[in-house]
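Visitor: Chains as they are written, first to last, in numbering that gives the first Met the number 0: chain A, 0 to 340; chain B, 0 to 340; chain C, 0 to 340; chain D, 0 to 340.
In this text, a Cβ means the ideal position worked out from N, Cα and C, and glycines have one as well.
Owing to the predicted nature of the structure, the values given are computational and were not obtained by experimental measurement.
Below you will find the structure I want to go over with you.
4 protein chains.
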Amino acid sequence: MSANQFGSRFVITSFGESHGAALGVVVDGCPAGVNFDQALLTTQMERRRPGQHGSGQIVSGRNEGDQVEVLSGVFEGKTLGTPIAMIVRNQDARSGDYSQIKNSARTGHADDVWKNKFGHSDHRGGGRSSGRETVSRVMAGSVAQMYMQHASPKTRVIGYAAQIGPLTLSDAEKAQVAKTNIDACQARFPAKNQNEVSELLKKAQENGESYGGIAEILIENPPAHLGQPVFHKLKSDLAMAFLSVGAANGFELGAGFEATETPGTAFHTPESQVYGGIRGGVSTGENILLRVSFKPTSSILDVAKKGRHDPCIVTRAIPVLEAMTWLVLADHLLWSKTDKY
Amino acid sequence: MSANQFGSRFVITSFGESHGAALGVVVDGCPAGVNFDQALLTTQMERRRPGQHGSGQIVSGRNEGDQVEVLSGVFEGKTLGTPIAMIVRNQDARSGDYSQIKNSARTGHADDVWKNKFGHSDHRGGGRSSGRETVSRVMAGSVAQMYMQHASPKTRVIGYAAQIGPLTLSDAEKAQVAKTNIDACQARFPAKNQNEVSELLKKAQENGESYGGIAEILIENPPAHLGQPVFHKLKSDLAMAFLSVGAANGFELGAGFEATETPGTAFHTPESQVYGGIRGGVSTGENILLRVSFKPTSSILDVAKKGRHDPCIVTRAIPVLEAMTWLVLADHLLWSKTDKY
Amino acid sequence: MSANQFGSRFVITSFGESHGAALGVVVDGCPAGVNFDQALLTTQMERRRPGQHGSGQIVSGRNEGDQVEVLSGVFEGKTLGTPIAMIVRNQDARSGDYSQIKNSARTGHADDVWKNKFGHSDHRGGGRSSGRETVSRVMAGSVAQMYMQHASPKTRVIGYAAQIGPLTLSDAEKAQVAKTNIDACQARFPAKNQNEVSELLKKAQENGESYGGIAEILIENPPAHLGQPVFHKLKSDLAMAFLSVGAANGFELGAGFEATETPGTAFHTPESQVYGGIRGGVSTGENILLRVSFKPTSSILDVAKKGRHDPCIVTRAIPVLEAMTWLVLADHLLWSKTDKY
Amino acid sequence: MSANQFGSRFVITSFGESHGAALGVVVDGCPAGVNFDQALLTTQMERRRPGQHGSGQIVSGRNEGDQVEVLSGVFEGKTLGTPIAMIVRNQDARSGDYSQIKNSARTGHADDVWKNKFGHSDHRGGGRSSGRETVSRVMAGSVAQMYMQHASPKTRVIGYAAQIGPLTLSDAEKAQVAKTNIDACQARFPAKNQNEVSELLKKAQENGESYGGIAEILIENPPAHLGQPVFHKLKSDLAMAFLSVGAANGFELGAGFEATETPGTAFHTPESQVYGGIRGGVSTGENILLRVSFKPTSSILDVAKKGRHDPCIVTRAIPVLEAMTWLVLADHLLWSKTDKY
C-alpha cells in the first residue's frame, strides 16, 4: 500500500502540490461499462470550489475554475475497466504570496512538520498538505458515485453542517435534511434561521475569527453487507477516510460519544437507531449516520490570507466527506462481490 | 490488501473463530534482530484476559488461560526477519451454551448480519466477530512493542478509562495518569475514589445493566515524523485501528469534538496542546492524546451470559487499544525509514 | 504487500522455518460456502512428501508425516469467508545434523546470503529458505483448488516432468499426458521407457550426482478472461509464482524461447497453439502450457544429506507448481468478478 | 494491489490508452531529496521511441515526440517524497487508421480478448494493450534510476539483443557488452558484423516478415541483499516485471534452461557464475544476468501497419526491460532498509 492510495478494490492514487503544475488522481478498479457522467463530475467539482454554493458570498478563497481533464479510462462515454486518470491545472497559483513565508512556519499549519520529515518541501501554500489536495478526492469520489448510481441506485449520500462554532442544528432541523436542498442553505447549515449563520460567519471574517464545527453524513439506503472483518469493518474504513481530511479531529458512528451516557438497557432496544446502520462492522441496509468534527481553521493566522480567509472549514469539507463516503461504498460493494461462492 | 490484515510495513494477518481450534496472528515485516521479550508478551496477554487486573473481581467472563505458542520467526531469542506466527488454543469453548441460539440472532450482536453476508457462519459465541478475536491483536501488538522498545525506548503508551457510564475523570485525575499504575485501579479507571466505580459495576452486574465509556490513550514521547500524506496520516491510521475494535463508535484526536466550541483565536495559541501531537497528519514528537468511545455492552441481552456479563467494555478494551497503537507506531516508524534519501 | 504474501484477492500468508515448531499458511479471501475437501488436502500433501509417489523408491529425504491441522475458517465442512489457517508440525527435525554447519555456508545454498541480509538466521536446514516451506504452498493451493472445483469444474492442472537431466519427453509422449496417471510414473516423468529414468536417478543417488530438469504445467479448460492489465497479466503472475520456487531459474509460456526460431509468418497462424492460451495477458479459454526449468539440486554438496539426497528436484516441485497454478487461477477468477458492471 | 500498479515500496501506477488523451504514471514512494535528472529522463524516453537509435533507420513506427510533463512531486530540482506524476500527450494518434478494424479482431493481438473480458474496449490501436503503454514504464523507470544513482552509484543496467531471429551473439561478443555502446549498434544487437542484422531486418520489413528474439539484461554491481523471502524473491519479481511486457514469453536467470543440461557436480563449482548473481532469492552482489524471449511481432498481420511494421520487437523492448529492472532494484533497495534492526 502506498501513502497516497486509498481503497482495496476501487483504488485511487492521488497526486499534486497546491502550487505545482496540476492536481490529479488515478482511479484503478472501476468496472468497465459504467456511464461516465460528466455533468455529475462538473457539479461535484463546482460544489467543492471555495466561495461557492452553500458557503455563499461569505466564504471566499482561491477561485480556480478547476476544469477536469479526463486523460484515460473512458471511451465513448463509458468506463473501460482501465485506470481513469483525471487532472486539474493550477491556474491561480500566486506563488508570490507565499515567498515571504518560505522560512517561517505558519502556526497550525504543517509546513515545518513536513519540512523536517522529508528534509525538502514545497513551501508554497502548504504544497501537498494544502486543502487543495481535496480536488483529487472529489474527482475520484465522483467516479465512485457514478458506479454506485448503477449498482445501488437508491443510495444517497447527504452531507450537511450540524454545528458551526456556537450554532447547532436542532433535532427537528436534522430530521428534515433528506428533504432539504443543503447547497441552497447558508454555509450548508440547514437551520431554519439562515440569517444567524450568515451573520456569524460575516463577522468572523471581518474580525479574523474562525470556528470549528461538525459535519454529518447521512447515507440513505446503503447496500447491506458492506464491510469486511476484522480490520476493514465499514466503520473503520469510514473513520480512516474522514480523519484523512485536514483539520478533522473527531469521528462518530450513530450515537457516538453520547452513547456513553445511556445505560445499556435503555440503549439496546429493537427500535433504536443507535447502532448507526452498522453492526459487527457490516452495513445492515439501514441508514448510516456519521459525524466528523473539525477544529477551527488555522488560516486566520496566515498573513497571506488576511481578509479572505474561510471562517469555518466545515462547509467546504462537506463535498470532500461525501466523496470519501462514495469511495468507501464503492470499494466495499466491489469487495462484497466475492464474499460467498 | 486482504480483510484480516493490518499495516503497510509491519503487517499483521489475524485469524481464528471464538470457538474454533485456535486464534492466531502472523506478523510479517518485523525487522530481524529484535529481542523477543517473552515476559512482555505474557504480561500483555494476561492484561487482556477478562476478569483480570484492572477489571478486578468485578468483570468476569471466559477464563481462557491463553498460553501463546510461537510457531515461527524467532530463533535463539531474537526475531529472524521472517514471519512470526503465534497461536492460542481455545480451551474454554463451551459450545453447548450457544447451541440454543443457532437460529436466533442476539440483539446488538452481529450474528444475523454476518450470516446474511456470508451465507454461512459459525454461530458459536460470535465466531470471528467475537471479542475473543482481540487475542490476535494483543499478540501482534506485543511484538510491535518489542520493536519499538529497541527503536524508540522512551516511547510509552498509556491507556486508561476516562469515563465509565456516569463517572468521568476530572482534569486533575487525568493529569496524574502517567504516574499511576493503571492496572491497579478498579476497572482501569484512575479516579481518586475507587469505591465509586467498583460499586457502580457491581450493581450493574447484579441488575443486568451495562455502560458505555471512553478510553484514552496517551502516547508519551512518540517518535517525530510518523504519518504519511495523504491517506495514511497518523491520525487516519489510528482512527481506523481504533474503530476496528468491536463496540467502538467514536474517535477523537486532541481536543476532538470539544474543539468545535472554541473560537480559532483562542484555540490556536503556540502553547496549546490542542493539536494532540499531530499536525498535517504527522507526529511532531509531542505527546499524542487519543480518545475512543464505546457503546454499552450488548452482552446484557445475551441469555447465555446472564450473571457473568461484563458491565463496561472499556476496561477490557484498553490493552487492545494499546496493542493497536503499538502496531500503528511500529508500522509508521518503519515507513519513515524511507522518507528521504 | 508483505514479503511472505501471495495474491491480490485470494491472498495467502506463509510462515515457518524448516526446523522451527511448525510451518503454516493463512488463506484470506476464499469465499464462504466452499466445501472443504479434506481428502483433497490430504492427497495433495501426500503428493508433496519427499520419497512418495512419482519419485518412488528413488527419491528419499525427510519423511514428515505432515498432518495438517486446520485452525480456523472452516465450520461444518464449509469455508466461512474468514481466514483459513493451517499448520503442520515439524516432527522429524534432526537439528543435530545441522549443528556442524552453523558456521560454514553450504555451497549453492542460501545460508550465507540470508545471514548477511538479516544479520541473524536459523541455520538449521536452511530455516525459511528450505524446500520444506513448500508445505505452506501446497496447503494453500489445495484450498484454491477446492474453490476452483466449485467455480470452474472442468479446469484441470496437470504437472509432469518433461526433462530430467539428459532425458526428454518426445512430442508423442507429451501428447498423452492428459490421459496418463502421472503420479504412477517413475519420477513423474511419463516416458514410455520407465526403466531409463529410474536407472538414471538410482545411479545418480549412488554417485552423489544430481540433475536439473524441466517441469511442464498444462492447464486444461481454464476459465477465459483471467489476467489483468498491465502488470498483473496472467503470464506475469504465473512467472512470479513459479520463479518463487527454490531452484527454478527459467519460465516459458507456450512456445517460449523456441518461438524465437520461427519467422512470424509461420508463427502466427490461426490454428497455431503457440500463444499458449494467453493473449494480451488474458486467458482465452484455450489450454495453457507452461514450462519451468530447474537447476541441478545443490544438496549433493551437503554433508548432512550424503546417501539420501534427491537427484532431481523436478519431481518434487511438480505438486508445488500445481499449487501455485491453482492459487493464481483462484486469485484471478475472483478478480475477474469485478471486471465489468 | 490494483491491476495497474507495480512495486511494494517504490510503487508505480500506470495509466493511459494508446489513442486516448495521454499516457502517464504516478510514482509513489520515491524518497525525498533525490536530484531529478531531467536529462536522464529525456534520454531514456528518446531511447524508447520507435525508429530511434539502435533500431536505426530500419525500425519505423509512430513518431510521437513524447514530451514528458512532470505534474507533481518535484520542486526546485529535487523529489519531494510526494507522488511524482508524469504524462505524455498522444499527438500522433491517427484514429482513422483503426476505424476499419473496430469490429474485426487482429490475429495475434488482444483486441478480442479484452473486448470479451470488459464488454467494452477502446479498439483504437490496441487501447491499453498497445505497446505504447510502455511510455509509462520508461518514465517511472527513469525515476527509479535517478534514485539508484544516488543510492548505489556503481550499479549499471545494460540491455542488448542477444538473438534476433536466426542471428545469435557469440560468447565472445557477449563478453564485450559492458564496454560497448549498445545504442550505436544496429538493432541494439552488438555483433561484430553489423551488416548482417541490418540486412535481415530490412528484408523482413520489405517482405512483411517478423522475428522473435532474446534480450539480455546484465546488472553490473547490484547492491547485495535485495530480495525478500518467500514470494518476493528478486528472481520472482524480475520474472513478473519482464513477463508483464507484451510479447515476452520466456525468462531465464543465469544459466536458465541450459542448466538442465549440466550434471550437478559440474554445475555447482565455487567459481561458476551459473547462479546468475541471485541465491536463495537474494542478490549476492555479483553481476546478475537475465534473459527474456519474445515471440515474433504480430503486427505483420496488421493491415494498418503494412510497410511500416517493426520486424523484431526486441530492440524496442530493451529500454522497457531496463526500466523494469531499475524499478525492481529501487523497490527492493528500499525494502531492504527495514530488514534488520
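(1) Does A31 of chain A come out as helix, strand or coil in the three-state DSSP assignment?
(2) Residue ranges of each beta strand (DSSP E) run of no fewer than 3 residues wholly in the region 239-302 of chain B, ordered along the chain?
(3) Would you report the Cα separation of I277 of chain D and T283 of chain D, rounded to the nearest angstrom?
(4) Mind the definition here: the region 255-266 of chain A touches the region 189-197 of chain A only if three or more C-beta pairs lie below 8 Å; say whether that holds.
(5) Determine, for F117 of chain A, whether the minimum Cβ-Cβ distance to residues of chain D falls below 8 Å.
(6) Sort D:I213, D:E205, D:S128 and D:A203 by Cα distance to L168 of chain D and report the nearest one.
(7) With a 10 Å radius around its C-beta and 16 neighbouring C-beta atoms as the bar for buried, classify D338 of chain C as buried or exposed.
(8) Just the chain B side, please: which residues come within less than 8 Å of P30 of chain D by C-beta, in chain order?
(9) Using only alpha-carbon positions, find the residue among C:R155, C:Q66 and C:H308 that is nearest to K202 of chain C.
(10) Mind pulling the chain C residues with CB within less than 8 Å of A168 of chain A?
(11) Just to confirm the assignment, what range does the alpha helix (DSSP H) spanning Y146 of chain C have?
(12) When we look at the beta-carbon of E132 of chain C and count the other beta-carbons within 10 Å, is it buried (16 or more) or exposed?
(13) What does Q227 of chain A touch in chain B if you count any residue whose Cβ is under 7 Å from its own?
(14) Since M85 of chain D sits in a beta bridge, which residues does DSSP pair it with?
(15) Look at the Cβ atom of I83 of chain D, then the Cβ atom of V156 of chain D, and state whether they are nearer than 8 Å.
(16) In terms of residues, what are the limits of the alpha helix (DSSP H) holding A186 of chain A?
(17) In chain order, what are the residue ranges of uninterrupted alpha helix (DSSP H) at least 4 long that sit wholly in the region 173-239 of chain C?
(18) Does any C-beta atom of chain A lie closer than 8 Å to the C-beta of D110 of chain D?
(19) Quick check: F188 of chain B and I163 of chain B, are their CB atoms within less than 8 Å of each other?
(20) Do you know offhand how far A150 of chain A's Cα is from H331 of chain A's?
(21) Helix, strand or coil for L166 of chain A, going by three-state DSSP, please let me know.
(22) Let me see if you follow: with CB-CB separation under 8 Å, is S197 of chain B close to chain A or not?
(23) Hey, quick one: how far does the alpha helix (DSSP H) through T41 of chain C stretch, first residue to last?
(24) Shortest alpha-carbon distance to H85 of chain D belongs to which of D:A329, D:A177, D:I287 and D:L70?
(25) At the level of alpha carbons, what is the spacing between T384 of chain B and G76 of chain D?
(26) Please name the residue, chosen from D:D236, D:G80 and D:T296, that lies closest to L374 of chain D on a Cα-to-Cα basis.
(27) Rounding to the nearest angstrom, what Cα-Cα distance links P262 of chain C and P221 of chain C in this structure?
(28) Is it the case that the Cβ atoms of M138 of chain B and V24 of chain B are separated by a distance below 8 Å?
(29) Considering Cα atoms alone, identify which of D:E45, D:S141 and D:H224 is closest to V26 of chain D.
(30) Below 8 Å on the Cβ atoms is my guess for A329 of chain A versus A143 of chain A; work out the distance and round it to an integer in Å.
(31) Output, in chain order, the set of chain A residues within a Cβ distance shorter than 7 Å of L333 of chain C.
(32) Taking 8 Å as the cut-off, decide whether the C-beta atoms of A238 of chain A and F250 of chain B are in contact.
(33) Output yes if chain B places a C-beta closer than 8 Å to the C-beta of S59 of chain D; else output no.
(34) Buried or exposed: which applies to N180 of chain C, given that a residue is buried once 16 or more other Cβ atoms fall within 10 Å of its Cβ?
(35) Would you kindly work out how many angstroms separate the C-alpha atoms of P318 of chain B and G15 of chain C, rounded to a whole number?
(36) Taking Cβ positions, are L326 of chain C and F9 of chain C nearer each other than 8 Å?
Guide: Judging by the given coordinates:
(1) As a position in the first sequence, residue 31 of chain A is number 32, starting the count at 1. Three-state result, A31 of chain A: strand.
(2) 247-252 and 287-293
(3) For the purposes of this step, residue 277 of chain D is taken as the residue at position 278 of the fourth sequence. For the purposes of this step, residue 283 of chain D is taken as the residue at position 284 of the fourth sequence. Answer to the nearest angstrom: the Cα atoms are 6 Å apart.
(4) no
(5) Translated into positions along the first sequence, residue 117 of chain A becomes position 118. Closer than 8 Å to some Cβ of chain D, the Cβ of F117 of chain A qualifies, so yes.
(6) For the purposes of this step, residue 168 of chain D is identified with residue 169 of the fourth sequence, where counting begins at 1. When only C-alpha atoms are compared, the closest one is D:I213.
(7) Reading the third sequence from its first residue, position 339 is the one you call residue 338 of chain C. Under this definition D338 of chain C is a buried residue.
(8) Your numbering for residue 30 of chain D matches position 31 in the fourth sequence. Per Cβ cutoff of 8 Å: T337, D338, K339 and Y340.
(9) Against the third sequence, residue 202 of chain C aligns to sequence position 203. Selected option, being the one with the closest Cα: C:H308.
(10) On the first sequence, position 169 is the one that residue 168 of chain A refers to. The question names Ala, but residue 168 of chain A in the sequence shown is Leu. Near L168 of chain A there are no residues of chain C at all, since even the closest Cβ is about 37 Å away, more than 8 Å.
(11) The sequence position of residue 146 of chain C within the third sequence is 147, counting from 1. Note, Y146 of chain C: alpha helix (DSSP H), T133 to A150.
(12) Residue 132 of chain C sits at position 133 when you count from the first residue of the third sequence. E132 of chain C comes out buried.
(13) To locate residue 227 of chain A, count along the first sequence from 1; it is residue 228. The contacting residues are A2.
(14) Here residue 85 of chain D refers to the residue found at position 86 when the fourth sequence is read from its first residue. In the DSSP output, where bridge partners are listed per residue, M85 of chain D has D:V24 and D:V69.
(15) Translated into the one-based positions of the fourth sequence, residue 83 of chain D becomes position 84. Translated into the one-based positions of the fourth sequence, residue 156 of chain D becomes position 157. The answer is no: Cβ separation not under 8 Å.
(16) The sequence position of residue 186 of chain A within the first sequence is 187, counting from 1. Neither: A186 of chain A is in no alpha helix (DSSP H) and is coded neither H nor E.
(17) 193-206
(18) Within the fourth sequence, numbered from 1, the residue matching residue 110 of chain D stands at position 111. For D110 of chain D, the answer is no, since every Cβ of chain A falls outside 8 Å of its Cβ.
(19) Counted from its first residue, the second sequence places residue 188 of chain B at position 189. Counted from its first residue, the second sequence places residue 163 of chain B at position 164. Their beta carbons are under 8 Å apart, which means F188 of chain B touches I163 of chain B by this criterion.
(20) On the first sequence, residue 150 of chain A is found 151 positions in, with the first residue counted as 1. On the first sequence, residue 331 of chain A is found 332 positions in, with the first residue counted as 1. Cα to Cα, A150 of chain A sits roughly 12 Å from H331 of chain A.
(21) Along the first sequence, one-based indexing puts residue 166 of chain A at 167. Looking at L166 of chain A - three-state DSSP - the assignment turns out to be strand.
(22) Numbered from 1 along the second sequence, position 198 holds the residue referred to as residue 197 of chain B. It does not; no Cβ of chain A falls within 8 Å.
(23) On the third sequence, position 42 is the one that residue 41 of chain C refers to. Per DSSP, T41 of chain C belongs to the alpha helix (DSSP H) from Q37 to R47.
(24) Mapped onto the fourth sequence, residue 85 of chain D falls at position 86. Rather than His, the amino acid found at residue 85 of chain D in this sequence is Met. It is D:L70.
(25) With chain B covering only 0 through 340, there is no way to say anything about residue 384 of chain B.
(26) Because residue 374 of chain D is not part of the residues shown, which for chain D are 0 to 340, the question remains open.
(27) As a position in the third sequence, residue 262 of chain C is number 263, starting the count at 1. As a position in the third sequence, residue 221 of chain C is number 222, starting the count at 1. C-alpha separation (whole angstroms): 29 Å.
(28) As a first step, residue 138 of chain B must be located in the second sequence, where it is residue number 139. As a first step, residue 24 of chain B must be located in the second sequence, where it is residue number 25. Contact flag set, yes.
(29) Reading the fourth sequence from its first residue, position 27 is the one you call residue 26 of chain D. It is D:S141 whose Cα lies nearest to the Cα of V26 of chain D.
(30) As a first step, residue 329 of chain A is located in the first sequence; it is residue number 330 there, counting from the start. As a first step, residue 143 of chain A is located in the first sequence; it is residue number 144 there, counting from the start. Indeed, because the Cβ distance is near 4 Å, the residues count as touching under 8 Å.
(31) Start at 1 with the first residue of the third sequence, and residue 333 of chain C comes out as number 334. Within 7 Å Cβ-Cβ: T337.
(32) Here residue 238 of chain A corresponds to residue number 239 of the first sequence, with the count starting at 1. Here residue 250 of chain B corresponds to residue number 251 of the second sequence, with the count starting at 1. Yes, these two residues count as a Cβ contact at 8 Å.
(33) As a working mapping, residue 59 of chain D is identified with position 60 in the fourth sequence. Note that S59 of chain D has pLDDT 42, beneath the 50 cutoff, so the model's placement of it is unreliable and the number below is only indicative. S59 of chain D does not count as touching chain B.
(34) Mapped onto the third sequence, residue 180 of chain C falls at position 181. So N180 of chain C counts as exposed.
(35) For the purposes of this step, residue 318 of chain B is taken as residue 319 along the second sequence, with counting starting at 1. For the purposes of this step, residue 15 of chain C is taken as residue 16 along the third sequence, with counting starting at 1. Cα-Cα distance, rounded: 28 Å.
(36) Residue mapping note: residue 326 of chain C aligns to position 327 of the third sequence, counting from 1. Residue mapping note: residue 9 of chain C aligns to position 10 of the third sequence, counting from 1. In this structure, F9 of chain C lies closer than 8 Å to L326 of chain C by Cβ.
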